[in-house]
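Written below as structure tokens is the structure these notes are about.
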Amino acid sequence: MTYGLACTQGHRTGMEDAHSVELDLDPATGTAMFGVFDGHGGRQVADLCAANVVDAVLSSPAYKAGDVGEGLREAFFELDNRALACAEAHLAGATATVALVRGDKLWVAGVGDSRCVLSHAGTAQVLTNDHKPDDPKERQRIQNAGGFVVWGRVNANLNISRALGDASFKQDKSLTASEQQVSPDPDVRCVQLTRHDTFMVLACDGLWNALPEQQVVAYVQRRLNLRHTLAAVAEGLVAEAMQPQRCAHDNVTVVVVQFNDAMRASLMAVGGSGGGAAEGGGGAAEGGGADSATAAAATAAPSGPSGAADSATS
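Printed below as a string of structure tokens:
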């Protein structure tokens with residue numbers, strides 16, 4: 001598979017997004033992993049997650065035992081523990097959306113409002129849930145933990161109900177991590193890929209607040225039909241999100257992952273012709289970006305600061 005990425009600080013005073021790409025997470029099984037992390041209250045937790053997500057997944061007991069979905073869930077709890085133990089990150093938190101691809105299986109785990117969208121026969125399939133305080137189940141947990149929701153925010157402050165870090169919302173020692181006002185417990189989905197699944201897009205809310213999912217999928221497909229590189233496609237999405245008429249001011253990070261012809265041929269060989277069945281349930285590049293958008297899409301696992309362009313294929 002091949003990926004391209006781009007990010008921009010936008011009109012914010014600082015860059016709080018981070019990302020992680022690992023094309024050879026588990027070489028023995030041909031596993032690749034992609035993650036985006038949207039920080040708030042500082043970039044410390046987002047950076048910590050990007051730097052530690054590979055180790056957190058690989059060291060998970062469930063992952064070692066072959067349960068990928070539960071392994072991702074354990075990794076999120078481990079990242080949260082590391083964030084809470086970091087004094088410098090006490091006031092910071094981050095959303096997290098992580099996608100892991102192995103053969104014809106795609107697992108996606110997420111907390112917060114960053115999203116992963118799969119293109120299935122040209123139709124956008126959203127594989128993540130936005131965790132918002134106004135959701136009845138989220139609101140109930142927040143209230144049970146002694147918090148309240150006003151203006152769509154936890155304690156009139158945080159506009160997401162699940163995140164990594166955010167220590168001030170996780171102070172009740174009598175509650176488990178999943179029961180705290182802000183939970184690190186991710187939604188995890190497993191999708192069986194088919195020959196109709198051509199690419200996926202992981203991005204923070206800086207993209208999704210500006211562009212609907214179907215518009216993003218259509219944009220990517222048009223550019224791929226014109227043989228644009230994935231780096232150029234990702235850069236184009238960032239540029240579209242930052243158009244003045246969209247009134248977007250947030251950081252934007254986008255990762256576009258294309259399932260290549262060889263992979264799709266193998267899916268056809270095993271009869272993959274149905275439609276993306278879903279079940280409930282570091283890296284090559286990591287870090288944030290500078291003022292200008294950066295893109296990546298090459299034959300090695302690149303790593304570098306924002307502002308450098310590179311690429312990767314597996």
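Note that the sequence shown covers residues 1 to 314 in the UniProt record's numbering. Even for Gly, the Cβ is constructed at its ideal location relative to N, Cα and C. All values derive from a computational prediction rather than experimental measurement.
- If you draw a straight line from the Cα of A231 to the Cα of Q143, it is about 44 Å long.
- If you draw a straight line from the Cα of Y63 to the Cα of P244, it comes to about 44 Å.
- Going by beta carbons, G206 and R223 fall outside the 8 Å limit.
- Selection V101, S20, E74 and R227 evaluated against S178 yields E74 as nearest (Cα-Cα).
- Between G4 and G41, the C-beta spacing is not below 8 Å.
- Runs of the beta strand (DSSP E) lying entirely within the stretch 180-246, each at least 3 residues long, are 187-192 and 197-203 in chain order.
- Annotation: the continuous beta strand (DSSP E) that includes D24 extends over D17 to D26.
- Taking C-beta separations shorter than 8 Å and ignoring five residues to either side along the sequence, Q140 has no partners in its chain.
- Taking a cut-off of 8 Å on C-beta distances, the stretch 22-35 does not touch the stretch 147-165, as fewer than three cross pairs fall below it.
- With distances taken between CA atoms, V254 lies nearest to V233 out of V101, A248, V233 and N260.
- Note that the C-beta distance between V108 and R162 is not below 8 Å.
- Boundaries of the alpha helix (DSSP H) around D80: V68 to L84.
- Our two residues, V257 and Q192, have alpha carbons roughly 16 Å apart in a direct line.
- Annotation for Q140: the continuous alpha helix (DSSP H) segment containing it runs P136 to N144.
- Just so you know, the alpha carbons of S168 and G122 end up roughly 42 Å apart.
- DSSP, read as helix, strand or coil, puts F148 in coil.
- In this structure, the beta-carbon distance from Q44 to N251 does not fall below 8 Å.
- For G39, the closest C-alpha among the options S114, A56, N260 and D197 is that of S114.
- Shown here for Q221: same chain residues with a beta carbon closer than 7 Å to its own, the five before and five after excluded, namely S119 and G122 in chain order.
- Residue state for S119 is assigned as strand, using DSSP reduced to three classes.
- Taking each of I160, T229 and M200 in turn and checking the Cα distance to V182, the smallest one comes out for I160.
- Between the alpha carbons of D26 and A56 lies a gap of roughly 13 Å.
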